[in-house]
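Participant: First residue of the sequence shown: 1, per the UniProt record's numbering; consecutive thereafter. Even glycine gets a Cβ: it sits at the ideal position worked out from N, Cα and C. Input: one structure, supplied below.
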Amino acid sequence: QLDTANELRFDRLFAFTNLGELDSEPSVVGFFPVQFEDDQEMIIMKVLIEGIFLQYFSLRKFPHDAHNLYLQLTSNIPAILKPDKGRTDNTAQQPCHLQLVQDENKPNVMRAHDYFMSRDTWEMGHHVAAYSYMSDPAASGSGKQYSHLYFSIDIRR
Numbered sequence: 001q002l003d004t005a006n007e008l009r010f011d012r013l014f015a016f017t018n019l020g021e022l023d024s025e026p027s028v029v030g031f032f033p034v035q036f037e038d039d040q041e042m043i044i045m046k047v048l049i050e051g052i053f054l055q056y057f058s059l060r061k062f063p064h065d066a067h068n069l070y071l072q073l074t075s076n077i078p079a080i081l082k083p084d085k086g087r088t089d090n091t092a093q094q095p096c097h098l099q100l101v102q103d104e105n106k107p108n109v110m111r112a113h114d115y116f117m118s119r120d121t122w123e124m125g126h127h128v129a130a131y132s133y134m135s136d137p138a139a140s141g142s143g144k145q146y147s148h149l150y151f152s153i154d155i156r157r
């Protein structure tokens with residue numbers, strides 16, 4: 001259960017594996033708790049991130065090289081959260097997963113081709129692959145699993 005009463009610190013909740021520098025601090029522009037009929041709860045956060053993401057390429061096949069651009073968002077919140085201590089019911093551990101919820105009418109990572117600026121040198125594929133997966137518990141000293149979102153797209157010169 002996320003404590004929404006305190007100030008929400010984005011930099012403590014998520015991490016990017018290839019973030020070079022942020023143009024500005026990430027801002028949570030929407031925070032929507034959703035309650036379902038079966039007492040399930042979901043929190044939807046809309047986050048605006050503007051920055052430079054680094055991707056290293058091998059240029060051995062220059063000038064006809066092709067590469068995979070990727071963006072990986074990692075949650076710093078364990079994927080399984082224990083119920084609140086104050087709860088008296090026997091609720092099992094609650095899952096916490098990153099999911100992409102997109103608005104097709106607005107700029108987003110799935111529409112990267114529409115906003116790609118290096119068209120004079122590079123050609124970007126039209127399909128962005130999006131994967132959601134859980135980390136290996138053996139990779140954590142505490143045995144916890146964390147949620148990941150991974151986006152990739154092909155570009156070629």
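If you compare alpha carbons, which of V47, L48, F62, H67 is closest to Q55?
Facilitator: Locating residue 55 in the sequence shown gives position 55, counting from the first residue. Nearest option by C-alpha distance: H67.
Participant: If we call anything under 7 Å between Cβ atoms a contact, is M124 one with I155?
Facilitator: Taking the sequence shown and counting its residues from 1, one reaches residue 124 at position 124. Taking the sequence shown and counting its residues from 1, one reaches residue 155 at position 155. Between M124 and I155, the gap from beta carbon to beta carbon is short of 7 Å.
Participant: Go through its chain and collect everything with a Cβ distance to K46's Cβ below 6 Å, but skip five positions before and after it.
Facilitator: Taking the sequence shown and counting its residues from 1, the one referred to as residue 46 is at position 46. So the qualifying residues of the chain are V29, G30.
Participant: Tell me the DSSP bridge mates of E41?
Facilitator: The residue labelled residue 41 in the question sits at position 41 within the sequence shown. In DSSP, E41 forms a bridge with Q35.
Participant: Less than 7 Å between the beta carbons of D65 and L71, yes or no?
Facilitator: Within the sequence shown, numbered from 1, the residue matching residue 65 stands at position 65. Within the sequence shown, numbered from 1, the residue matching residue 71 stands at position 71. Going by C-beta atoms, D65 is not nearer than 7 Å to L71.
Participant: Under the three-state reduction of DSSP, which class applies to P63: helix, strand or coil?
Facilitator: By 1-based counting over the sequence shown, the position of residue 63 is 63. Three-state DSSP puts P63 in coil, outside helix and strand.
Participant: Using only CA atoms, which one of A138, R157, L48, K144 lies nearest to T23?
Facilitator: Taking the first residue of the sequence shown as position 1, residue 23 is located at position 23. The sequence shown places Asp at residue 23, not Thr. Of the candidates A138, R157, L48, K144, the one whose C-alpha sits nearest the C-alpha of D23 is L48.
Participant: Across which residues does DSSP place Q72 in a beta bridge pair?
Facilitator: As a working note, residue 72 is residue 72 in the sequence shown. Answer by DSSP bridge pairing, in chain order: Y150.
Participant: Could you tell me the distance, in whole angstroms, from the CA atom of L69 to the CA atom of I153?
Facilitator: Numbered from its first residue, the sequence shown carries residue 69 at position 69. Numbered from its first residue, the sequence shown carries residue 153 at position 153. The straight-line gap from Cα to Cα measures roughly 5 Å.
Participant: Looking only at its own chain, which residues have a Cβ that is under 6 Å from the Cβ of K144, when we skip the five neighbours before and after it?
Facilitator: As a working note, residue 144 is residue 144 in the sequence shown. Hits under 6 Å: P78.
Participant: For S75, is the classification buried or exposed, using 16 other Cβ atoms within 10 angstroms of its Cβ as the cut-off for buried?
Facilitator: Indexing the sequence shown from 1 puts residue 75 at position 75. Answer is buried; the Cβ neighbour count reaches 16.
Participant: Below 8 Å on the Cβ atoms is my contact criterion, and I expect G20 with F57 to pass it. Report the Cβ-Cβ distance as a whole number of Å.
Facilitator: The count along the sequence shown starts at 1 and reaches residue 20 at position 20. The count along the sequence shown starts at 1 and reaches residue 57 at position 57. Not a contact, Cβ separation roughly 14 Å.
Participant: With F57 as the anchor, note down where its beta strand (DSSP E) starts and where it stops.
Facilitator: Start at 1 with the first residue of the sequence shown, and residue 57 comes out as number 57. In the DSSP annotation of this structure, F57 is not part of any beta strand (DSSP E), being labelled neither H nor E.
Participant: Could you spell out where the beta strand (DSSP E) holding E21 opens and where it closes?
Facilitator: Indexing the sequence shown from 1 puts residue 21 at position 21. Where E21 is concerned, the enclosing beta strand (DSSP E) stretches over 19–22.
Participant: First and last residue of the beta strand (DSSP E) that includes A138?
Facilitator: On the sequence shown, residue 138 is found 138 positions in, with the first residue counted as 1. Looking at the DSSP string, A138 is not in any beta strand (DSSP E), and its letter there is neither H nor E.
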